[in-house]
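Counting from 536, one number per residue, gives the positions in the sequence shown under this note's numbering.
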Amino acid sequence: MTRKIALAADHAGFEEKERIKHTLDKLGIAFDDMGTDSPESVDYPDYARRVAEAVGDGRYEQGLLFCGSGTGMAISANKVKGVR
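This is the structure in structure tokens:
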């Protein structure tokens with residue numbers, strides 16, 4: 536089975552997400568980038584929800600979320616049923 540990972544970040548986590556994408560490419564791990572596409576200010580719950588819902592409904596095995604502290608993304612993602 537091919538692993539597939541959903542990625543997302545807010546503006547504070549954008550650069551780290553881009554670094555991780557490079558690493559995943561080198562390792563041959565499939566992923567989809569669900570945003571943000573720049574370091575411009577965005578609302579982190581929008582991106583956390585995208586990934587959490589995609590993992591929760593089975594479209595992805597795992598999700599990786601990046602932000603300034605990790606706290607806001609974790610709280611937002613954990614509100615989606617079946618995601619922890």
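Idealized CB from N, CA, C, for every residue including glycine. Remember, it's a predicted structure, so these values are computed and weren't measured experimentally.
DSSP-derived helix/strand/coil call for residue i
{"i": "glycine 603", "result": "coil"}
Residue i - containing beta strand (DSSP E), residue span
{"i": "alanine 587", "result": "Not the beta strand (DSSP E): alanine 587 falls in the alpha helix (DSSP H), residues 579-591."}
{"i": "aspartate 568", "result": "565-568"}
{"i": "leucine 539", "result": "Reading off the sequence, residue 539 comes out as lysine, not leucine. Note, lysine 539: beta strand (DSSP E), 539-544."}
Buried versus exposed, by CB contacts within 10 Å (16 or more), residue i
{"i": "lysine 552", "result": "buried"}
{"i": "serine 576", "result": "exposed"}
{"i": "serine 584", "result": "Rather than serine, the amino acid found at residue 584 in this sequence is arginine. It counts as buried."}
{"i": "alanine 565", "result": "exposed"}
{"i": "isoleucine 555", "result": "buried"}
{"i": "aspartate 572", "result": "exposed"}
{"i": "glycine 598", "result": "buried"}
Range covered by the alpha helix (DSSP H) that runs through residue i
{"i": "aspartate 560", "result": "549-562"}
Beta-carbon proximity of residue i to residue j, cut-off 8 Å
{"i": "valine 586", "j": "alanine 543", "result": "yes"}
{"i": "alanine 589", "j": "leucine 600", "result": "no"}
{"i": "lysine 614", "j": "glycine 591", "result": "no"}
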